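Position 25 (the sequence shown) corresponds to 1227 in our numbering; numbering is contiguous.
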Amino acid sequence: MQNEIIFSSSQGRKVWNTLDSIAHNYDQEKNPIELENIAHDLLKKIIDDSMLKKIQEIANNEMSSHIIIRNFLAIQSLPYTPTDDCSPDSVSWRTPASALLGLLRLTGHSARSFMDEMNGRLCHMVMPARNNEKSFLRSTKKLGFHTEVVNGYFYEESPCIGKPVSPEVFGLLGLRNPDGIATTLIPLERVLKSLTPDVISALMKPNFCAISQSSFDREIIIKDVPVLKKLHGGGMGLRYSRSKVMANNTEASEALHQLTDAINHSEHIEQVVLNPGDALILNNRTCVHGRGSITGTQKFDGMDRWLIRIYGYKFATLPMLKTLPEKKHVIMVDI
1203 MQNEIIFSSS
1213 QGRKVWNTLD
1223 SIAHNYDQEK
1233 NPIELENIAH
1243 DLLKKIIDDS
1253 MLKKIQEIAN
1263 NEMSSHIIIR
1273 NFLAIQSLPY
1283 TPTDDCSPDS
1293 VSWRTPASAL
1303 LGLLRLTGHS
1313 ARSFMDEMNG
1323 RLCHMVMPAR
1333 NNEKSFLRST
1343 KKLGFHTEVV
1353 NGYFYEESPC
1363 IGKPVSPEVF
1373 GLLGLRNPDG
1383 IATTLIPLER
1393 VLKSLTPDVI
1403 SALMKPNFCA
1413 ISQSSFDREI
1423 IIKDVPVLKK
1433 LHGGGMGLRY
1443 SRSKVMANNT
1453 EASEALHQLT
1463 DAINHSEHIE
1473 QVVLNPGDAL
1483 ILNNRTCVHG
1493 RGSITGTQKF
1503 DGMDRWLIRI
1513 YGYKFATLPM
1523 LKTLPEKKHV
1533 IMVDI
């Protein structure tokens, strides 16, 4: 696979051992920017030059949909999979979190979170949750194809400070996956090839609105935006969710229907099973992603599927973000 990099067992152990020596000294929810810089510098020292070059080549290609690194981290110890949407009390999971922060930084991105999503938590625990019915349904249902923070603007749209901006990428790190549940993805370029020029033109007009995803604590809407937007590098970027993006007129509605049909019937769906220690960086502009249902697989015995997810922003985008004074990584959105 063109976008897949495979680390050796010894390389994965080296990543764990190196980051384990520093991760316990930092709380990634309080000082992640410092930690991501330290982790980045350490990864640059210990990852083979050929691997570093390939990671950066893929990351620098604006139209790359994703990067998979197999065996990125040889996980040696973990607490039980959490069951309540909260981070574990044990510090041993901080080593994987540090590794993902460093990897995002290697790809040219800095980690951020939203005050309106999970109270600003940086590391999202992706696992079956049973703290309430809403969390259980959200964490176990099949996820249709979408982009993250669909109600966020792009850098190319020059939003005012205080407006929501969607992450350019996000990272996933596999910790447990006993049932081999896949993350599904489709590169945008594959979808565009099945659309007519008229449909693409309609999707590029600012005739849509988008509402915040269910993980947000309040409803945040952006209006009069396109679904497709030209990126500065010349390619096309996408904001998409079947349930959270709405059309403002008949032409826009028909174009959105055609896009949804092209996505749902695509012959280019990739199934990515993240095993423990595998990392996946997805381009949130040039790729839609989803997940198969995990309903019925949950046992709540501490061994359920568990991923860590972190949003990443290009450094050019950071000045557009309004953040908490005491926590520069937490984004605030004005209504």
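Cβ coordinates follow ideal geometry from the N, Cα and C atoms, glycine included. In this text, all values refer to a predicted model and were calculated from it rather than measured experimentally.
Distance, Cα to Cα, Asn-1205 vs Ser-1443?
For Asn-1205 and Ser-1443, the distance between alpha carbons rounds to 25 Å.
Under DSSP, the beta strand (DSSP E) around Met-1327 begins and ends at which residues?
DSSP places Met-1327 in the uninterrupted beta strand (DSSP E) bounded by 1326 to 1328.
According to the Cβ coordinates, are Glu-1358 and Leu-1433 closer than 8 Å?
Yes; because the gap between Cβ atoms is below 8 Å, this pair is in contact.
Taking 7 Å as the line, does the beta carbon of Ser-1368 fall inside it for any heavy atom of the ligand COA?
Ligands in the displayed structure: none, and consequently the ligand COA is not present.
Taking three-plus beta-carbon pairs below 8 Å as touching, is the region 1297 to 1315 in contact with the region 1344 to 1354?
Cβ pair count under 8 Å is below three, so no.
Between Tyr-1228 and the rest of its own chain, which residues show a CB-CB distance below 6 Å, the 5 nearest in sequence each way excluded?
Correct list, in chain order: Leu-1237.
Check each candidate in Thr-1452, Arg-1493 and Gln-1460 and name the one with the smallest Cα separation from Ile-1471.
Comparing C-alpha distances from Ile-1471 to each of Thr-1452, Arg-1493 and Gln-1460 shows the shortest one belongs to Arg-1493.
Distance between Lys-1407 and Ile-1512 (C-alpha atoms, nearest Å):
C-alpha separation (whole angstroms): 30 Å.
Between Val-1367, Ala-1276 and Trp-1508, which has its C-alpha nearest Asp-1381's C-alpha?
The candidate whose alpha carbon is nearest that of Asp-1381 is Trp-1508.
Three-state class that DSSP yields for Met-1448 in the structure shown
Three-state DSSP puts Met-1448 in a strand.
Return the chain-ordered ranges of every alpha helix (DSSP H) run that is complete within the region 1221 to 1267 and spans a minimum of 4 residues.
Listed in chain order, they are 1234 to 1248 and 1251 to 1262.
Cutting at 7 Å between CB atoms, please list the residues of its own chain near Pro-1234, excluding the five before and the five after it.
Once the five neighbours on either side are set aside, the close Cβ partners of Pro-1234 are Leu-1303, Ala-1313, Leu-1324 and His-1531.
Tell me which residue opens and which closes the alpha helix (DSSP H) that Ile-1510 is part of.
Boundaries around Ile-1510 are those of the beta strand (DSSP E), 1508 to 1516, since no alpha helix (DSSP H) includes it.
What's the C-alpha gap between Leu-1526 and Ser-1315?
Each residue's Cα considered, the two are about 11 Å apart.
From Leu-1482 to Ile-1269, what does the alpha carbon distance come to, in whole angstroms?
Taking the Cα positions, Leu-1482 is about 6 Å away from Ile-1269.
Over what stretch of residues does the beta strand (DSSP E) that includes Ala-1412 continue unbroken?
Segment 1410 to 1413, the beta strand (DSSP E) holding Ala-1412.
Touch test, the region 1373 to 1388 against the region 1474 to 1489, Cβ-Cβ under 8 Å, three pairs minimum:
The answer is yes - the region 1474 to 1489 touches the region 1373 to 1388, with three or more Cβ pairs under 8 Å.
Report the rounded CA-to-CA distance for Glu-1264 versus Gly-1437, giving the unit in angstroms.
If you draw a straight line from the Cα of Glu-1264 to the Cα of Gly-1437, it is about 7 Å long.
What are the boundary residues of the beta strand (DSSP E) that includes Ile-1496?
Ile-1496: not part of any beta strand (DSSP E); DSSP gives it neither H nor E.
Using DSSP with H/G/I as helix, E/B as strand and the rest coil, what is Ser-1360?
Residue state, collapsed to three classes: coil.
Can you give the Cα-Cα distance for Lys-1491 and Thr-1220, rounded to whole angstroms?
This sequence places His at residue 1491; Lys is not what is there. Straight-line measurement puts the Cα of Thr-1220 at about 31 Å from the Cα of His-1491.
If we count the other Cβ atoms within 10 Å of its Cβ and call it buried at 16 or more, is Cys-1362 buried or exposed?
Exposed: under 16 other Cβ atoms inside 10 Å.
Does the beta-carbon distance from Ser-1223 to Ala-1276 come in below 8 Å?
Cβ distance not < 8 Å, so Ser-1223 and Ala-1276 don't count as in contact.
Reducing DSSP to helix, strand and coil, say where Glu-1370 ends up.
Here DSSP, grouped into helix, strand and coil, assigns Glu-1370 to coil.
Identify the continuous beta strand (DSSP E) that holds Ser-1315 and give its terminal residues.
Under the DSSP assignment, Ser-1315 falls in the beta strand (DSSP E) whose first and last residues are 1311 to 1316.
I believe Ala-1464 touches Ala-1404 by the beta-carbon criterion, under 8 Å. Please report the beta-carbon distance rounded to the nearest angstrom.
The C-beta distance from Ala-1464 to Ala-1404 rounds to 13 Å, too long to meet the 8 Å contact threshold.
Local Cβ density within 10 Å of Glu-1370, reported as buried at 16 or more and exposed below that:
By the Cβ neighbour-count rule, Glu-1370 is buried, with 16 or more other Cβ atoms within 10 Å of its own.
How is the alpha helix (DSSP H) around Leu-1305 delimited, first residue to last?
Here the alpha helix (DSSP H) through Leu-1305 covers 1296 to 1308.
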